[in-house]
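For the sequence shown, the UniProt record's numbering gives the first residue as 1, with consecutive numbering after it.
Just so it is clear, CB atoms sit at the ideal spot from N, CA and C, and this is done for glycine as well.
These numbers were taken from a predicted model, which means no experiment stands behind them.
For reference, the structure is listed below as C-alpha cells.
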Amino acid sequence: MWYLLPLVVVLAPPVALAASRFDRRLDLFVTRLALSAFGNYVGEETADSERQRDRLRAAHVGETHRMYASKTLLYSAVLAVSGSVLGVYLAGYVLSELAITEETLRAALPPALSFLSPIARLSEIGLGELFLLLAFSGATVGTVLAVGTYYLRWELLDQLADARGKRIDVTLPRTVAFVYALSRSGMAFPIVLATLSRNERVYGEAARELSVAVREMETFSTDALTALRETAHRTPSENMAEFTENLASILESGQNLSGFLEDQYERFQEEAKAQQEQYLELLSTFAEAYVTTLVAGPLFLVTILVVVGLVLSDTLPILRLVIYLGVPLGSVAFIAYVGSATESLRRPGGADAPERRRLDVARRQAVGQLGADTPARIQASESRDVQSDGGTTSTAQQDALERLAVYDRYSRLLDRVTNPLETAYRMPSATFILTAPIGVLWVLATAEPTPVTEPVSVLAAIDRAVVEAAVFALGVYAVVFELRSRKQRAIERAVPDFLDRFASVNDAGMSVVRSLQRVSESDLDELSAELQRTWRDIQWGADVETALYRLEERVNSPMVSRAVALTTNAVHASGDIAPVLTIGADEARATRRLRREQRQVMLTYLIVIYISFLVFLGIVVALTVAFVPAVEGAQFDPDLPEATAGASVGFVDTITQADVGAYEELLFHATMIQALFSGLIAGQLGGGTIQSGAKHAVVLLVLGYLTFAVMVF
C-alpha cells in the first residue's frame with residue numbers, strides 16, 4: 001500500500017485550505033504562511049496591484065491586497081502539487097476499472113509518451129516510474145491547475161463586485177428615499193449619512209456603501225465632498241457613482257439639496273419598476289427552462305428507458321441513476337443557480353437587527369444611572385476599578401453588567417424552550433425538531449422487515465412510509481410558515497396607511513406620542529393589535545423609540561423595519577415628522593405595488609409547473625397501469641400467432657428476465673422526487689424563497705401519492 005502514501009500526503013493541504021474558511025485560527029495560520037512565503041513578492045507596487053486593490057475595494061473583501069494576493073499564490077501552489085498527484089491516481093483508477101492493460105495503453109500512446117503506460121498497473125509500479133508519472137502530471141495538470149486557480153481567484157473578485165453592484169442598484173431607491181426623507185426633517189446632511197450608516201442592515205448594500213464614506217469622515221476627518229467622491233470612484237455600481245458624484249457637486253455649489261434628492265428619488269422609483277420587469281422576465285425564462293429540462297427531459301428519458309428495459313434489455317441501473325441522482329442533482333443545481341442569478345435583483349430582505357442589541361445598550365445605560373444614583377456613602381465603601389480614560393467603575397456596576405451578559409447569553413435559549421409554540425411560529429423550521437423524530441418513528445413502525453444487505457429491497461419496503469412522513473413534516477412546516485407569512489403580509493399591507501395616518505395626525509399639530517396614540521386606536525387590520533401593544537409599552541414607561549423597536553422585533557418584517565428606522569430617526573431630528581412619514585408611505589406603497597405585480601405575473605408560471613407535473617404524473621401512471629402489465633402479460637397470451645412468437649423468442653425471454661416490480665417502484669419514486677422538487681422550485685419562482693415552496697411540495701406529493709394509491713397499489 002506504499003503507493004498510496006503520496007496521495008494521503010497531498011490531500012491534507014487542500015483539506016486544510018478548505019477548512020480554513022470555517023475556522024478562524026486555521027485561517028490565521030494559512031494567512032501567516034502565505035505572507036511568509038509570498039508577502040515580499042506581492043508587496044511590490046505595480047500597475048496590476050493598483051487595479052487589483054480597486055477590485056478588492058469594489059467587492060468589499062475583508063482582506064488587504066497583500067493578504068489576498070499571497071493567499072492566491074499559496075492556493076495555486078498547493079492545488080498544482082495536489083492536483084498533479086491526484087490526477088495520476090485518478091487516471092490509474094479509471095484505467096483499472098475499464099480493465100485497460102499496460103500493453104493496450106502502450107500501443108495506443110505515441111512512442112514519446114510510452115513511459116506513461118505503467119499507470120495502468122499503479123499498484124505494482126516502481127519508485128522511478130512513479131516519479132516520471134508525477135513529473136509529467138505536474139508539468140501538465142499541475143500547470144493548468146496553478147494558472148487556473150490564480151486567474152479564477154482574481155476573476156472571482158470581478159464577479160463579486162458585479163453582484164454587489166447589482167445589489168446596490170436594487171437597494172438604492174429606498175436608500176435615497178431615506179436620505180431624502182431625513183433631509184426634509186431639517187437634519188444636517190452629515191448626520192443624515194451617519195444615521196443611514198447605523199441602519200445599513202435595514203437599507204441594504206447601498207447604505208453599506210455610503211457607510212464607508214461615513215467612516216472615512218468620522219475616523220480620518222475627511223470632508224463630506226472628498227468622501228463622496230471617493231465612494232463614486234470605489235463603488236461597482238454606476239448608479240451609485242453617478243448619484244454620489246452629483247450629490248457632491250450639489251453640496252459644493254450650495255444648491256437646493258432637498259430638490260435634488262426629490263428628483264433622484266422619483267428617478268430611482270422609475271428604475272425600480274424597470275428592475276422589477278427585468279426580474280420577472282428572468283423568472284419567466286427560468287420557469288420555461290425548468291419545465292423543458294427538468295420535467296420534460298426526465299419524463300422522456302424515463303419513458304424510453306422503461307420501454308427499452310421491458311422490451312429489449314435491462315435498463316434498471318441507468319434508470320436508477322437518472323431518478324436517484326440525475327433529477328435531484330439537476331434540481332438542486334437549478335435551485336442554486338436561480339438563487340444566485342436572482343439574488344441581486346430580488347427585493348432585499350430586512351434587518352437582522354434586533355432589538356436585543358438596542359436593549360443591551362439601554363440596560364447598560366440603566367445600570368450606569370443606577371450606579372450614579374447610588375448614595376455616595378455606599379459607593380465609597382465599594383472597591384473601584386480604574387479605567388483607561390481615568391474614570392472608575394464600581395464593583396456593583398461590574399457585577400450587574402456581568403449578570404446582564406449571562407442573562408442575555410441564555411435568555412433567548414430559555415425563551416425558545418419555555419415557549420415552544422411561539423418559537424415555532426417565529427421560526428417555522430423549528431417544527432422539524434418535533435416532526436422529524438415522529439416521521440422516523442413512523443417509518444420504523446410501518447416498514448416491513450427486510451434484510452439490510454439488499455438496499456433496493458429496503459427502499460421498496462419503506463418508500464410509502466417515507467413519503468407519508470415527508471408529507472407530515474413538510475405539511476406542519478408549511479402551515480406554520482404560511483400562517484406567519486400571511487400575517488406578515490397583512491401587516492405590510494397596512495404599513496402605508498399607518499404612515500399616512502401618522503403623518504396626517506402629526507401634521508394637524510399633535511405631538512408624536514399623541515399621534516401614535518390616535519393612530520393605534522384606528523382600524524389598521526392586523527397592524528392594529530401590534531400598535532395597541534406599542535401604545536401599552538409607552539403607557540408603561542417606554543419611550544417612543546424603544547416601543548417602536550419592540551414592534552419591529554415582534555413583527556420581523558422588512559417593510560416595518562424601514563418604517564421604524566425612518567420614524568425613530570425623524571423623531572430625533574424634529575417633532576414635525578409628517579413630511580418624512582409621507583415619503584416613507586409613498587415608498588412602502590410603491591414596494592407593495594411591485595410585489596403585487598410580481599405575484600400576478602408568476603401565477604401563470606406556477607400553473608405551468610403544476611400542469612407539467614400533472615402531465616408527468618399522467619404518463620407515469622399510464623406506463624405503470626397499462627403498458628407494464630400489457631408487456632408482462634404478452635408472454636402468457638395463448639392467442640399470440642406462431643410466426644410472431646417464433647420471431648419474438650428473444651423478446652419473450654427478455655420479458656421473463658425483467659423485474660417488472662422494480663420498474664413500477666422506480667416509476668413511483670420518480671413521481672415522488674419530481675413532486676418534491678417541482679413544489680420547491682415553484683415556491684422559489686413564485687415567492688422568491690424555497691420555504692414558499694413547502695406548500696406546493698405537499699400538494700404535489702399528496703396528489704401523486706393518492707393517484708398511485710388509488711390506481712396502482
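The Cβ neighbour count for ASP223, taken over all protein chains shown within 10 Å, is under 16; the residue is labelled exposed. Rounded to the nearest whole angstrom, the CA to CA distance from ASP537 to ALA547 is 6 Å. GLN275 and ALA177 have their alpha carbons spaced roughly 17 Å apart. Inclusion of ARG550 and THR534 in the CB contact set at 8 Å is warranted, their separation being smaller than that value.
Secondary structure of VAL61 (DSSP, three-state): coil. In the structure shown, MET67 adopts helical secondary structure according to DSSP, grouped into three states. Within the same chain, Cβ atoms closer than 6 Å to the Cβ of SER211 are found at SER197, GLU200, the five residues on either side in sequence being excluded.
With respect to the C-alpha of GLN532, the residue from LEU516, ILE335, GLU238, PRO579 having the closest C-alpha is LEU516. The alpha carbon of PHE29 has as its nearest neighbour, out of VAL10, SER70, LEU282, ILE323, the alpha carbon of SER70. Counting only residues of its own chain and dropping the five nearest sequence neighbours on each side, VAL513 has a CB closer than 8 Å to the CB of ILE538, VAL544. Counting only runs that start and end inside the region 238-264, the alpha helix (DSSP H) elements of at least 4 residues fall at 238-253. Around the beta carbon of MET187, a 10 Å sphere encloses 16 or more other beta carbons of the protein chains shown; the residue is thus reported as buried. In the displayed model, PHE189 falls within a helix according to three-state DSSP. Between GLN691 and PHE481, the gap from beta carbon to beta carbon is short of 8 Å. With contacts defined by Cβ atoms closer than 8 Å, MET427 and VAL495 do not form a contacting pair. Annotation for PHE38: ALA69, SER70, LEU73, LEU74 place their beta carbon closer than 8 Å to its own, counting only its chain and skipping 5 residues before and after. Comparing alpha-carbon positions, the option among GLU218, LEU193, MET217 lying closest to ALA206 turns out to be LEU193. Between THR235 and ILE168, the CB-CB gap stays under 8 Å. Judged by DSSP in its simplified three-state form, MET602 adopts helix. If the five residues before and after THR315 are omitted, its C-beta is found closer than 6 Å to the C-beta atoms of LEU305, VAL308, GLY309, all from its own chain and listed in chain order.
Ranked by Cα distance from LEU700, the first of ASP659, ARG403, TYR610 is TYR610. Its Cα nearest to that of THR303, the residue LEU623 stands out among PHE677, LEU623, ARG493, GLY693. For the UniProt domain "Type II secretion system protein GspF" (498-623), the continuous alpha helix (DSSP H) assignments of 4+ residues that do not extend past its boundaries occur at 512-520, 526-539, 544-555, 558-573, 578-622, in sequence order. An exposed status is given to PHE300, since fewer than 16 other beta-carbon atoms sit within 10 Å of its beta-carbon.
If you draw a straight line from the Cα of GLU665 to the Cα of GLU530, it comes to about 52 Å. With a contact defined as Cβ atoms closer than 8 Å, THR31 and SER76 miss out at about 16 Å.
The region 51-69 makes no contact with the region 13-25, as fewer than three CB pairs between them are under 8 Å. TYR203: member of the alpha helix (DSSP H) spanning 200-203, first to last residue.
Contact annotation: the region 466-477 touches the region 694-708, with at least three C-beta pairs closer than 8 Å. Distances from the CA of VAL141 to each of VAL78, PRO173, GLN159 were compared; the closest alpha carbon is that of VAL78.
The alpha-carbon separation between THR689 and GLY679 amounts to approximately 11 Å. ALA224: member of the alpha helix (DSSP H) spanning 224-234, first to last residue. C-alpha of PHE498 to C-alpha of GLU277: approximately 28 Å in a straight line. Membership of GLY39 in the alpha helix (DSSP H) is indicated by the continuous run 24-42. The beta carbon of GLY475 sits closer than 7 Å to the beta carbons of VAL698 from its chain, once the five residues preceding and following it are set aside; these are given in chain order.
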